[in-house]
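Report on the structure given below.
Residue numbers (the working numbering): 988 to 1309.
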């Protein structure tokens, strides 16, 4: 038995089918478990010792000695209208919603429904970006990623939406090996995919957008900013053009009302040297300290609060810029 690990829950068929909430002393009717190997022979499950990177399987077995099958555990999710056997996962992070997943592959066949057992892959042993439950895998890994510094407990609930009956599992997981683990690499693939999709959306949007023009016309200051920016980004980017985001300077004063300087937001049209991406940077502003009267110091470039305010554009947009 694995009761001390909270990994093997035994419930009565009456509980799963009718919503009975009291326990009755009789033979086991349904076994549910979490394991690292895909087997319906619960006696073959090793002692639970989940750690970051392990595959996780949800296992359900109906006792062969009773006349019921998986068909009797099917219910309808009121939010989606889907009919299935549902398992809900607490995604570890308090900021994330619980995800309830139908564990029979769709379309569901009579052979599936007439069966006595199932194995549902919660997290597969290999990185499969086309898995049927990809959204649930991503959500679970996102929860784990936010807790990589400390051990966590995965909470799993077999639920019948029609009868409101539930059975629970709790799986303690050691997160000490998260960095570089299979889970870490898997989640990174999801992040890479989102970045690639966002990148493509920006590139597609840039086709119908004009390049920004300077809101302030000051050729002398523009040349000075261009030289400073070329020096700032000389090792990482090729600079094509600079422009002023603001129509005029913003003047800064201290708490006594004394003028201390002025600044103006600038943007840069550049091409990355490492991957060839063309970008418009909204990441800096030009600053001059006040000296006296109408005198200001030489220009300097300062980072704005958002250093990631960068928009991708198709490189054809920069054709002809100097």
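Idealized CB from N, CA, C, for every residue including glycine. Remember, predicted model here, so these are calculated numbers, not experimental data.
Open item on the list: According to DSSP, is residue 1129 part of a helix, a strand, or is it coil?
Closed with: helix
Task: DSSP bridge partner residues for residue 1165 (one or two, in chain order) - done: DSSP lists no partner for residue 1165.
Task: Same chain, Cβ closer than 8 angstroms to residue 1102, neighbours up to 5 away in sequence not counted - done: 1056 and 1057
Task: Nearest-angstrom Cβ-Cβ length linking residue 1145 and residue 1297, presumed shorter than 8 angstroms - done: Between residue 1297 and residue 1145 the Cβ distance is about 46 angstroms, and since that is not below 8 angstroms, they are no contact.
TODO: For residue 1174, count neighbouring C-beta atoms within 10 Å of its own C-beta (all shown protein chains included) and say buried if the count is 16 or more, exposed if not.
DONE: buried
Task: One or two residues paired with residue 1239 in a DSSP bridge - done: 1248
- [ ] Could you tell me if residue 1098 is buried or exposed, where buried requires 16 or more neighbouring beta carbons within 10 angstroms of its beta carbon?
- [x] exposed
Open item on the list: I need the straight-line Cα distance from residue 1010 to residue 1094, nearest angstrom please.
Closed with: For residue 1010, the pLDDT reaches just 23, beneath the cut-off of 50, and the residue's location in the model is therefore unreliable, leaving the point undetermined.
Task: residue 1096 to residue 1072 span [Cα, whole Å] - done: 13 angstroms
TODO: Report all residues from its chain with a CB closer than 7 angstroms to the CB of residue 1124; omit the five preceding and five following residues, and keep chain order.
DONE: 1110 and 1118
Task: Burial state of residue 1235, where buried means 16 or more other Cβ atoms lie within 10 Å - done: exposed
Task: For residue 1274, the residue or residues it bridges with in DSSP - done: 1250 and 1287
Task: residue 1273 beta carbon less than 8 angstroms from that of residue 1286 - done: yes
Task: Rounded C-alpha distance that separates residue 1113 from residue 1043 - done: 11 angstroms
TODO: Note down the Cα distance separating residue 1133 from residue 1202, rounded to an integer number of angstroms.
DONE: 42 angstroms
Open item on the list: I need the boundaries of the alpha helix (DSSP H) containing residue 973, first residue and last residue.
Closed with: Because the chain here runs from 988 to 1309, residue 973 falls outside it and cannot be looked at.
Task: Bridge partner(s) assigned by DSSP for residue 1146 - done: 1073 and 1153
Open item on the list: Report the start-end ranges of each alpha helix (DSSP H) in the segment 1028-1106 that is 4 residues or longer and not cut off at the edges.
Closed with: 1097-1100
Task: Straight-line Cα distance separating residue 1238 from residue 1178 - done: 41 angstroms
- [ ] Would you kindly check if the distance between the Cβ of residue 1289 and the Cβ of residue 1271 is under 8 angstroms?
- [x] yes
TODO: Starting from residue 1297, follow the beta strand (DSSP E) in both directions and report where the run begins and ends.
DONE: 1297-1300
- [ ] Answer yes or no: do residue 1247 and residue 1268 have a C-beta to C-beta separation smaller than 8 angstroms?
- [x] no
- [ ] For my contact list, residue 1191 and residue 1161 are in at a C-beta cut-off of 8 angstroms; report their separation, rounded to the angstrom.
- [x] Not confirmed; about 43 angstroms, so no contact.
- [ ] Tell me where the beta strand (DSSP E) around residue 1017 begins and ends.
- [x] 1017-1022
- [ ] Pull up the distance between the alpha-carbon of residue 1299 and that of residue 1229, whole angstroms please.
- [x] 16 angstroms
TODO: Compare the Cα-Cα distances from residue 1219 to each of 1076, 1264 and 1257 and report the closest residue.
DONE: 1257
Task: Whole-angstrom C-beta distance between residue 1070 and residue 1061, which should lie under 8 angstroms - done: 6 angstroms
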